[in-house]
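Asker: Here the protein sequences line up with chains F and E, keeping their order. Under the UniProt record's numbering, think of the first position of the first sequence as 1, with each following residue one higher. Under the UniProt record's numbering, think of the first position of the second sequence as 1, with each following residue one higher. Even for Gly, the Cβ is constructed at its ideal location relative to N, Cα and C. Here the structure is a predicted model, which is why all the values come from computation and not from measurement. Shown below is the structure under consideration.
Protein chains: 2
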Amino acid sequence: MSPRPGIDRHQLLQAAAELADQGGFHSVTLAALAGRLGVRSPSLYNHVDGLPGLHAALTQYGLQILHERLLKAVAGRSGEEALRHVCIAYVEFARTHPGLYEAALQPIQPDHADTKQIGDDIVGLLLQVLAHYGLEEAEALHSVRTLRSLCHGFSSLERGGQFAMDLSLDESLAYMIQIFIQGLNAQRRD
Amino acid sequence: MSPRPGIDRHQLLQAAAELADQGGFHSVTLAALAGRLGVRSPSLYNHVDGLPGLHAALTQYGLQILHERLLKAVAGRSGEEALRHVCIAYVEFARTHPGLYEAALQPIQPDHADTKQIGDDIVGLLLQVLAHYGLEEAEALHSVRTLRSLCHGFSSLERGGQFAMDLSLDESLAYMIQIFIQGLNAQRRD
DNA sequence: TTGCTAAAACTAATGATATTAGTTAATATG
DNA sequence: CATATTAACTAATATCATTAGTTTTAGCAA
């Protein structure tokens with residue numbers, strides 16, 4: 001134990017995530033976080049390495065939770081059902097935690113191996129989901145990039161209010177997944 | 001004419017775009033822009049409505065140029081060829097002007113009707129490209145959302161260094177477009 | 001219990017930024 | 001050539017991140 005307990009790290013990350021979800025990733029400032037934790041800004045330097053360190057920590061935290069959600073979505077499922085559910089879980093996470101999701105997709109610093117690892121775990125999970133389609137290695141990797149582009153693009157555009165038209169977003173999502181699945185099936189046949 | 005010429009608006013936007021391409025959208029500050037233009041920051045308030053106004057202006061400028069590039073890409077082309085070229089032009093724009101692209105996809109303020117219009121023009125252009133597939137209205141709109149998700153997701157992840165694996169990005173892009181086209185064709189047959 | 005130590009909080013100070021108010025300078029037009 | 005308009009400027013304020021140095025607190029050992 002420390003000579004003095006101070007701020008709990010999970011409580012810090014949770015508070016930062018709430019700030020992000022309320023005002024976007026850029027609104028996660030040391031001043032705002034300190035205010036929410038009832039502490040002066042310089043005190044936070046005992047817990048994170050300045051603002052960049054806070055941002056990096058939130059990125060890792062976001063990736064962890066995203067990974068958990070995706071794991072839950074594919075648990076006990078396989079094939080097309082697993083694929084549909086993983087896409088929906090991805091978008092749902094971005095919807096319910098927009099700021100934390102935004103944090104999760106910030107560029108990862110080259111020296112943060114543990115954060116990188118979580119990203120790789122997510123890629124591995126998606127590879128496993130796509131294994132059902134029996135693609136060759138390179139094709140499987142291209143497919144994962146396509147899937148990530150779809151899910152991230154949809155989430156990002158939705159959050160940014162870029163889908164302004166009066167048309168169901170959930171129907172668009174279902175349509176998008178369908179297009180991807182049919183494209184994959186066609187690819188498999190070639 | 002003005003009693004005093006001052007800074008040319010196009011020159012201002014060009015300088016802001018260069019700042020964005022060099023250091024990202026967030027590095028477009030009044031101080032940095034003023035420095036580049038050889039002027040003090042408060043002088044910029046004669047040309048843009050503070051930092052939010054500068055950002056909004058850069059968003060509109062980015063959308064304009066993106067629209068131009070997409071128009072050029074589809075000029076004299078049709079069907080699958082137009083679709084492939086519009087995707088490639090989209091991603092190429094994001095690659096060569098990462099910061100301006102980032103600006104173009106910032107959320108649009110509800111009161112900026114002219115900026116919104118350019119976004120609608122881009123959607124209209126994509127609808128025209130997809131007309132070749134003879135989809136029903138709702139399906140066509142879902143397809144445009146899918147296409148935008150793909151292109152934006154790919155561009156955004158690529159720029160963020162999220163495609164870390166040692167695997168050709170251009171092959172991934174071509175694969176992605178192929179999946180989309182095959183998905184569309186399957187959709188059309190149903 | 002009491003004193004020591006380690007860690008976390010604090011205050012004070014600095015530098016960068018956006019922004020506003022008020023002033024000066026330059027130029028197109030009569 | 002005088003004027004009005006507009007764009008530039010300086011000065012000042014508030015917010016933020018950051019660093020340095022100090023104080024406080026809580027676990028632990030004597």
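Using a C-beta to C-beta distance shorter than 9 Å, which residues of chain F count as neighbours of GLY99/E?
Answerer: In the second sequence, the residue the question calls residue 99/E occupies position 99. Result: empty, since nearest Cβ-Cβ is about 13 Å, beyond 9 Å.
Asker: Am I right that PHE154/E and GLY99/E are in contact with their C-beta atoms under 8 Å? What's the rounded C-beta distance?
Answerer: On the second sequence, residue 154/E is found 154 positions in, with the first residue counted as 1. On the second sequence, residue 99/E is found 99 positions in, with the first residue counted as 1. Incorrect: roughly 17 Å between the Cβ atoms, too far for contact.
Asker: So with CB distances below 7 Å, who are the chain E contacts of LEU179/F?
Answerer: Here residue 179/F corresponds to residue number 179 of the first sequence, with the count starting at 1. Here residue 179/F turns out to be Ile, not Leu, going by the sequence shown. Residues of chain E passing the Cβ test: THR146, PHE180, GLY183, LEU184 and GLN187.
Asker: Any chance the CB of SER43/E is under 7 Å from a heavy atom of the ligand SAH?
Answerer: This structure simply doesn't include the ligand SAH, nor any ligand for that matter.
Asker: Going along the chain, which residues of its own chain have a beta-carbon closer than 7 Å to the beta-carbon of LEU150/F, five neighbours each way excluded?
Answerer: Residue 150/F sits at position 150 when you count from the first residue of the first sequence. Taken in chain order, the residues that qualify are MET176 and PHE180.
Asker: On a CA-only basis, which of ALA73/E, GLU139/E, ALA89/E and GLY161/E is nearest ASP190/E? Give me that one, please.
Answerer: Within the second sequence, numbered from 1, the residue matching residue 190/E stands at position 190. Closest by alpha carbon: GLU139/E.
Asker: Quick check: ILE118/E and LEU184/E, are their CB atoms within less than 8 Å of each other?
Answerer: Counting from 1 along the second sequence, the entry for residue 118/E is found at position 118. Counting from 1 along the second sequence, the entry for residue 184/E is found at position 184. No, they are not a contact pair.
Asker: Compute the Euclidean distance between the alpha carbons of THR59/E and GLN187/E, then round it to the nearest angstrom.
Answerer: Within the second sequence, the letter at position 59 stands for residue 59/E. Within the second sequence, the letter at position 187 stands for residue 187/E. The straight-line gap from Cα to Cα measures roughly 34 Å.
Asker: By Cβ distance below 8 Å, which residues in the same chain neighbour LEU71/E in space, the five residues on each side in sequence not counted?
Answerer: By 1-based counting over the second sequence, the position of residue 71/E is 71. Excluding residues up to 5 positions away in sequence, LEU125 lie with their Cβ nearer than 8 Å to the Cβ of LEU71/E in the same chain.
Asker: Is SER143/F buried or exposed, if buried means 16 or more other CB atoms sit within 10 Å of its CB?
Answerer: In the first sequence, counting from the first residue as 1, residue 143/F sits at position 143. By the neighbour-count rule (16 or more Cβ atoms within 10 Å), SER143/F is buried.
Asker: When DSSP labels each residue in this structure, what does ASP21/E get in the three-state scheme?
Answerer: As a position in the second sequence, residue 21/E is number 21, starting the count at 1. Three-state result, ASP21/E: helix.
Asker: Label SER168/F either buried or exposed according to how many other C-beta atoms from any shown protein chain fall within 10 Å of its C-beta, with 16 as the threshold for buried.
Answerer: Translated into positions along the first sequence, residue 168/F becomes position 168. Result: exposed.
Asker: Which chain F residues are close to GLU171/E, counting only those with a beta carbon under 7 Å from its beta carbon?
Answerer: By one-based count along the second sequence, residue 171/E stands at place 171. Near GLU171/E (Cβ distances below 7 Å), the residues of chain F are HIS142.
Asker: Apart from the five residues just before and just after ASP121/F, which ones in its own chain have a Cβ nearer than 6 Å to its Cβ?
Answerer: Start at 1 with the first residue of the first sequence, and residue 121/F comes out as number 121. Correct list, in chain order: HIS67.
Asker: Measuring only the C-alpha atoms, how far is ALA57/F from ALA103/E?
Answerer: Here the question's residue 57/F lines up with position 57 in the first sequence. Here the question's residue 103/E lines up with position 103 in the second sequence. ALA103/E has its alpha-carbon roughly 25 Å from the corresponding atom of ALA57/F.
Asker: Rounded to a whole number of angstroms, what is the C-alpha to C-alpha distance between PRO42/E and VAL28/E?
Answerer: Against the second sequence, residue 42/E aligns to sequence position 42. Against the second sequence, residue 28/E aligns to sequence position 28. If you take the alpha carbons of PRO42/E and VAL28/E, they lie about 15 Å apart.
Asker: Excluding five sequence neighbours on each side, which residues of the same chain lie with their C-beta closer than 6 Å to the C-beta of PRO107/F?
Answerer: For the purposes of this step, residue 107/F is taken as residue 107 along the first sequence, with counting starting at 1. Nothing meets the Cβ criterion.
Asker: Please name the residue, chosen from ALA113/E, THR115/E, LEU105/E and VAL123/E, that lies closest to GLY160/F on a Cα-to-Cα basis.
Answerer: Position 160 of the first sequence holds residue 160/F. Closest by alpha carbon: LEU105/E.
Asker: Are the CB atoms of ALA82/E and VAL129/E within a distance shorter than 8 Å?
Answerer: As a working mapping, residue 129/E is identified with position 129 in the second sequence. As a working mapping, residue 82/E is identified with position 82 in the second sequence. Yes, Cβ-Cβ distance for VAL129/E and ALA82/E is below 8 Å.
Asker: At a CB distance below 9 Å, what residues from the stretch 117-141 of chain E approach chain F? Give them in sequence order.
Answerer: GLY119, ASP120, VAL123, ALA138, GLU139 and LEU141
Asker: Do ARG9/F and HIS47/F have their C-beta atoms within less than 8 Å of each other?
Answerer: Counting from 1 along the first sequence, the entry for residue 9/F is found at position 9. Counting from 1 along the first sequence, the entry for residue 47/F is found at position 47. In this structure, HIS47/F lies closer than 8 Å to ARG9/F by Cβ.
Asker: Quick one: is SER27/F near chain E, going by C-beta distance under 8 Å?
Answerer: Mapped onto the first sequence, residue 27/F falls at position 27. It does not: the Cβ of SER27/F has no partner Cβ on chain E nearer than 8 Å.
Asker: In its own chain, which residues sit with a C-beta less than 8 Å from the C-beta of LYS116/F, not counting the 5 before and 5 after it?
Answerer: Position 116 of the first sequence, counted from the start, is the residue given in the question as residue 116/F. Within the same chain, LYS116/F has close Cβ partners ILE108.
Asker: Just checking my contact of ALA34/F with LEU44/F at CB under 8 Å: how many whole Å lie between their CB atoms?
Answerer: To locate residue 34/F, count along the first sequence from 1; it is residue 34. To locate residue 44/F, count along the first sequence from 1; it is residue 44. Yes, they are in contact, since the Cβ atoms of ALA34/F and LEU44/F sit about 6 Å apart, within 8 Å.
Asker: Ordered along the chain, which non-local residues of its own chain (more than five positions away) have a Cβ less than 6 Å from that of LEU51/F?
Answerer: Numbered from 1 along the first sequence, position 51 holds the residue referred to as residue 51/F. The residues LEU30, in chain order, have a CB closer than 6 Å to that of LEU51/F in the same chain once the five nearest residues on each side in sequence are set aside.
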